[in-house]
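Taking our numbering, the leading residue of the sequence shown gets 7, the next gets one more, and so forth.
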Amino acid sequence: MFIAIDKQHNIIKASDYRNNKEYFCPACKEELIFKNGSIYQSHFSHKNNSDCQTFSEGETPEHMEGKLLLYKWFKKEKIEVQLEAFLPALKQRPDLLIDNKGTNIAIEYQCSPISKETIISRTRGYNINGYNVFWILGQKLKVLEKINTKHFSYISTDSRERYYLFQLDQKRRRLEILSDFSGSQSELHYTIKSVSVSSTLKDVFGDSVNKERSVHDNKKNKEEQKEYLYQRSFYKHEKSRFFFELMYKSGLSVESLPDSIFCIVRSEWMIATFSYQWKLLMLIWLEEFEPYQVITKNVLVRKIKEWETEKVVAFQIMPNVNTANLYRPFFEYIEALCKNEIIKKVGDEKWVRYKGR
Numbered sequence: 007m008f009i010a011i012d013k014q015h016n017i018i019k020a021s022d023y024r025n026n027k028e029y030f031c032p033a034c035k036e037e038l039i040f041k042n043g044s045i046y047q048s049h050f051s052h053k054n055n056s057d058c059q060t061f062s063e064g065e066t067p068e069h070m071e072g073k074l075l076l077y078k079w080f081k082k083e084k085i086e087v088q089l090e091a092f093l094p095a096l097k098q099r100p101d102l103l104i105d106n107k108g109t110n111i112a113i114e115y116q117c118s119p120i121s122k123e124t125i126i127s128r129t130r131g132y133n134i135n136g137y138n139v140f141w142i143l144g145q146k147l148k149v150l151e152k153i154n155t156k157h158f159s160y161i162s163t164d165s166r167e168r169y170y171l172f173q174l175d176q177k178r179r180r181l182e183i184l185s186d187f188s189g190s191q192s193e194l195h196y197t198i199k200s201v202s203v204s205s206t207l208k209d210v211f212g213d214s215v216n217k218e219r220s221v222h223d224n225k226k227n228k229e230e231q232k233e234y235l236y237q238r239s240f241y242k243h244e245k246s247r248f249f250f251e252l253m254y255k256s257g258l259s260v261e262s263l264p265d266s267i268f269c270i271v272r273s274e275w276m277i278a279t280f281s282y283q284w285k286l287l288m289l290i291w292l293e294e295f296e297p298y299q300v301i302t303k304n305v306l307v308r309k310i311k312e313w314e315t316e317k318v319v320a321f322q323i324m325p326n327v328n329t330a331n332l333y334r335p336f337f338e339y340i341e342a343l344c345k346n347e348i349i350k351k352v353g354d355e356k357w358v359r360y361k362g363r
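Okay, structure coming up:
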């Protein structure tokens, strides 16, 4: 750890260490020892028989160097930041704690794998206690090409409901930001840009840094999607089993599926359920309404929650994202159906069905 307290409970950084003084853990109050090795940055450490759970040892050089790199970057930018601040109410210590004009932001630099349950617990703990949290991934966890389900748990959102995944390239001293997510989970599109720690932090969310590359740009057309479904229908994939059962029960085949099934909306990556499944559920449900019977947003939301309860629709686990925002793909699909004249918009968040699928 990089901080300790003295007998007067003053916070002392390892860089300000003075010999012949006693220093203690901010959490468990046990006496600490000072280490000034050649591999690690100078830091404090518990004695071997310590059972402190809040300031556990075993930090890798990457973790220690990375959070110090971020700390110095924030300090250079004149941002009020604390290193390893202990939060008694949570019994946690984020790697960095930022006070941005009254908004408290916890920064977690994650270098080693942890369970989804731990990510969810920590994120919700911060949120409930009034802290925003941003996760930054280290080398072992970073996205190489494809985003997997574990990465979704680390996604952050801003006040404009834009989604980001952060990762630190420590050796190159740059922060990588994945954003502009679109498409389905199996064919997720996103862009990456890099911000050097020698540049301004405004570049992190701004457009002044050019996007390095766009990943997974090739979208399948309708015929390619049909071929994909044909191939999948020959094998018993658990994820798509319910879809094919629903398709057959509805008297449909891959060839007779409505064209609107193959429409990919921007935010459908938020849904973990097989893409074609939730769209077919939507189309079947819409046929239950009489032509020109009004369908409201509240009616649709209630139906989505019902599908969730029945476990025929599931969303990606993203504890940093408001639950209501996860419903966005359904409303984007509604807009697509309006363009295809399956339904018609008749007011603010009101639609009617006037054409069969």
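C-beta: ideal position from N, C-alpha, C; glycine also.
Counting along the chain, the unbroken alpha helix (DSSP H) around Y236 starts and ends at K228 to S239. Taking the C-beta atoms as reference points, Y360 is found no nearer than 7 Å to V271. The DSSP assignment places complete beta strand (DSSP E) segments of no fewer than 3 residues inside the segment 62-90 at 86-89, in order along the chain.
Residue pairing of F40 in beta bridges, as defined by DSSP: F50. For the 7 Å CB-CB criterion, E71 and G144 do not form a contact. Going by DSSP, I270 is part of no beta strand (DSSP E) at all; its letter is neither H nor E. Distances from the CA of L147 to each of W357, R334, H157 and L287 were compared; the closest alpha carbon is that of H157. With contacts defined as CB atoms closer than 7 Å, P335 and S256 fail to qualify as a contacting pair. Less than 7 Å separates the beta-carbon of F30 from that of I11. Your pair F268 and Q231 checks out as a contact, with CB atoms roughly 5 Å apart and the cut at 8 Å.
Pairing K303 with E355 gives a Cβ-Cβ distance under 7 Å.
Within a 10 Å sphere around the beta-carbon of V139 sit 16 or more other beta-carbons, which makes this residue buried. In the structure shown, S266 falls within a helical segment according to DSSP collapsed to helix, strand and coil.
Residues S48 of the same chain have their beta carbon placed closer than 7 Å to that of S21, with the five preceding and five following residues left out of the count. Three or more pairs of CB atoms, one per stretch, sit closer than 8 Å, so the segment 203-211 contacts the segment 74-84. Here DSSP, grouped into helix, strand and coil, assigns N328 to coil. When the alpha-carbon of K208 is set against those of N106, M324 and Q98, the nearest one is in N106.
Linking K285 to F321 through their CA atoms gives a straight-line distance of about 14 Å. In terms of Cα proximity to V319, the closest of F92, K309 and V327 is K309. The beta carbons of K228 and D186 sit about 24 Å from each other, so the pair does not count as a contact at 8 Å.
Remark: three or more beta-carbon pairs, one from each stretch, lie closer than 8 Å, so the segment 128-142 and the segment 162-175 are flagged as touching. Distance from the CA atom of E114 to the CA atom of L258, rounded to whole angstroms, is 48 Å.
For E314, the enclosing alpha helix (DSSP H) starts and ends at K303 to T315. The continuous alpha helix (DSSP H) containing K122 extends over residues K122 to I134. In this structure, S127 is the residue among A330, E167 and S127 with its C-alpha nearest to the C-alpha of L96.
In this structure, M276 is the residue among E312, M276 and R247 with its C-alpha nearest to the C-alpha of H195.
Between E83 and the set M253, A112 and V210, the nearest pair of CA atoms involves V210. Shortest Cα-Cα distance from P100 to any of Q116, S165 and Q299 involves Q116.
Closest in C-alpha terms to R130, from the list E167, N154, K152 and S159, comes S159. The Cβ-Cβ distance between F249 and Q283 falls below 7 Å. Following the DSSP letters along the chain, one finds E251 inside the alpha helix (DSSP H) bounded by residues E244 to K255.
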